Each structure stands twice: as structure tokens, then as C-alpha cells.
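Going by our numbering, the sequence shown opens with residue 150, and the numbers climb by one from there.
Yeah, the Cβ is synthetic: ideal placement off N, Cα and C, and Gly gets one too.
Predicted model only: the values in this text are computed from it and were never measured.
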Amino acid sequence: MTSASTRRRAAVALVVGLLAPLTACGGGDDTAKGEDTAADLTVLAASSLTDVFREAGAAYEREHPGTKVTFSFAGSQELAAQVGQGAPADALVTADTKTMDGLKSDTGTPTVIAKNRLVIATGKGNPEKVENLKDLADTGLKVVLAAPEVPVGRYSKQILDAQKITVKPVSQEPNVRAVLSKVQLGEADAGLVYRTDVASAAGKVDSVDIPDEQNAVASYPAATLKAGKHGAAAEAFVKWLSSPEAQKILTGAGFQQP
150 MTSASTRRRA
160 AVALVVGLLA
170 PLTACGGGDD
180 TAKGEDTAAD
190 LTVLAASSLT
200 DVFREAGAAY
210 EREHPGTKVT
220 FSFAGSQELA
230 AQVGQGAPAD
240 ALVTADTKTM
250 DGLKSDTGTP
260 TVIAKNRLVI
270 ATGKGNPEKV
280 ENLKDLADTG
290 LKVVLAAPEV
300 PVGRYSKQIL
310 DAQKITVKPV
320 SQEPNVRAVL
330 SKVQLGEADA
340 GLVYRTDVAS
350 AAGKVDSVDI
360 PDEQNAVASY
370 PAATLKAGKH
380 GAAAEAFVKW
390 LSSPEAQKIL
400 TGAGFQQP
């Protein structure tokens, strides 16, 4: 009996010993999941989000200790190409739904986080006295637009075509910030950009509003990237972009709520 009892105690001890590492592994998995929500995130974002996302990213890091958000800004069409080439990133925010829709196999379900409208950017003081869209057809005016494959370029074409206005731009730029830069540097007299871009260059350029009935509304969808290494953290960030705090930052920069 003593021998049998000893053997039973030994067997129990062996089982407990074998289960202990498994229990520890289970705890490790939970820890890993927790760490995944505090990861180093890389977010691909449209150029027009440059300033506001830097502010939003800093706010997110303060609210989520241990998380670092790094942004890569470019025209939405460039971002789509990067995703297609397998660029290492965790989330994507474009300046139009068309670009995002073309990446359905690469992203999670997108959520529109903000909207925007176009304005005519002019040099400081509007030296050429641009008053409306029709003025952009003046061949004596140096107008710069974004390329047609860029969201803001597509929106520009849409509103000009709707008004039957023909513009011959002196250049077509790869993103909206390049358009703004041309105007700001005096290399162009006017250009079509987002309202928020002019706000980011306050005091350096002026703008002419475009009536709503002649304008276009740009939507900004955000989504996680399936190839990203930090799925839970990326999902948390994308969700946060619709939070009251993030929306306050976006509207403060001139974006409209979705």
C-alpha cells in the first residue's frame, strides 16, 4: 500500500510538473496579447493628413503608454502602390473611398473618419484677384493641379468638368501638399487643394471658397492592413480615430465629421 501510495503521489507530482509550464505559456499568451496593443505602429496616411495626424499621433501615444505611432505620408495612389508592393505597415488612411475600395483584399473593414472640401489656394493677398472657379480658365494665370490619379486631382477634375471649365495647368503634382507648395513658393498663382491644407499654411497663402453646390466632398476611410504585424494595436488605433478626442483634433484642423 505504501509503495502504491508513493507511486500515486509521484504520478500526481509529474502531472503537476508537466502542466506548470503550460499554465505559464497560457499567461505568456495573454501578456503577448496585451503587448500587441502597445506596439510600434506604422500608419500610411494621405498627405493632407500630415499636420493633424502628427498631433493626433502624439495624443494617442499619451493616452496609450508604450505605443509609438510612425506615419508615412504620400498621395493616396502612392500609398496604394506601397501596400501592393508589401510595404511593412499596420494601418492605412486614404483621402478617398475609391482608393481604399481597390484594396479590399489587403485591408480590414474601413471606417470613414473625416471629410473635407476643396478651396482655391492663392498667393498671400491673392495678388491675381482670383474670385471663382471660372477664373482658373484664364490662360494668363498659372494654375497647378494634382495629377488625375490623385484623389484631390480627381475631385478637381470632377468640379471643373461639372462647371464646364477647361483649365490648362502648368504642372500636375503627385499629392495635394505639392500643389500647396507651388502656390506658397510663388511658382503658381492658384491651385485646388483641401480647405485643411490652406489652414495648415495660414499666413503664407490665401484662399477662395468654392460654393457647396459646385464643390466635392472628400471622405477619409481608415482600415487595418492584413499584412501588418500588430493587428490588435492597429485595430485599436483605427477605432480611436472615431473617438470624441480624435474627432476634436480633426475638426480643430478644419476637417468635417463623417
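For Lys-291, the closest C-alpha among the options Val-279, Gly-401, Pro-300 is that of Val-279. For Lys-331, the number of other beta carbons within 10 angstroms of its own is at least 16, and it is reported as buried. For Lys-217 against Asp-189, the beta-carbon gap comes to about 5 angstroms, under 8 angstroms, which counts as contact. Less than 8 angstroms separates the beta-carbon of Leu-294 from that of Leu-341. Here Phe-222 is bridged, per DSSP, to Ala-194.
Exposure of Asp-310 is indicated by the presence of fewer than 16 other C-beta atoms within 10 angstroms of its C-beta. As the crow flies, the alpha-carbon of Val-268 is around 13 angstroms from that of Ser-197. When secondary structure is reduced to three states using DSSP, Pro-300 falls in the helix class. Under DSSP, Thr-271 takes part in a beta bridge, and its partners are Ala-339, Asp-355. Excluding five sequence positions before and after Pro-300, the CB atoms of its chain that fall closer than 6 angstroms to its own CB belong to Ser-225, Ala-244, Asp-245, given in chain order. The C-beta distance from Pro-393 to Lys-264 rounds to 17 angstroms, too long to meet the 8 angstroms contact threshold.
The Cβ-Cβ distance between Tyr-343 and Ala-367 falls below 8 angstroms. Nearest to Asp-239 by C-alpha distance, out of Gly-403, Phe-386, Ala-230, Gly-401, is Phe-386. Between Ala-187 and His-213 a beta carbon distance of about 7 angstroms is seen, short of the 8 angstroms cut, so the two are scored as contacting. Annotation for Val-201: the continuous alpha helix (DSSP H) segment containing it runs 199-212. DSSP places Ala-385 inside the alpha helix (DSSP H), whose first and last residues are 380-389. Counting along the chain, the unbroken alpha helix (DSSP H) around Val-347 starts and ends at 344-349.
The beta carbon of Lys-306 is closer than 7 angstroms to those of Pro-297 in its chain, skipping five residues each way along the sequence. Taking the CA atoms as reference points, Asp-338 sits about 29 angstroms from Arg-203. Around the beta-carbon of Ala-230, fewer than 16 other beta-carbon atoms lie within 10 Å, marking it exposed.
Only exposed fits Ser-254, as fewer than 16 other CB atoms lie within 10 angstroms of its CB. Between the alpha carbons of Pro-276 and Leu-285 lies a gap of roughly 14 angstroms. Of all alpha-carbon atoms in Asp-287, Glu-227, Arg-266, Gly-274, the one lying nearest the alpha-carbon of Gly-251 is that of Glu-227. Distance from the CA atom of Gln-396 to the CA atom of Leu-390, rounded to whole angstroms, is 7 angstroms.
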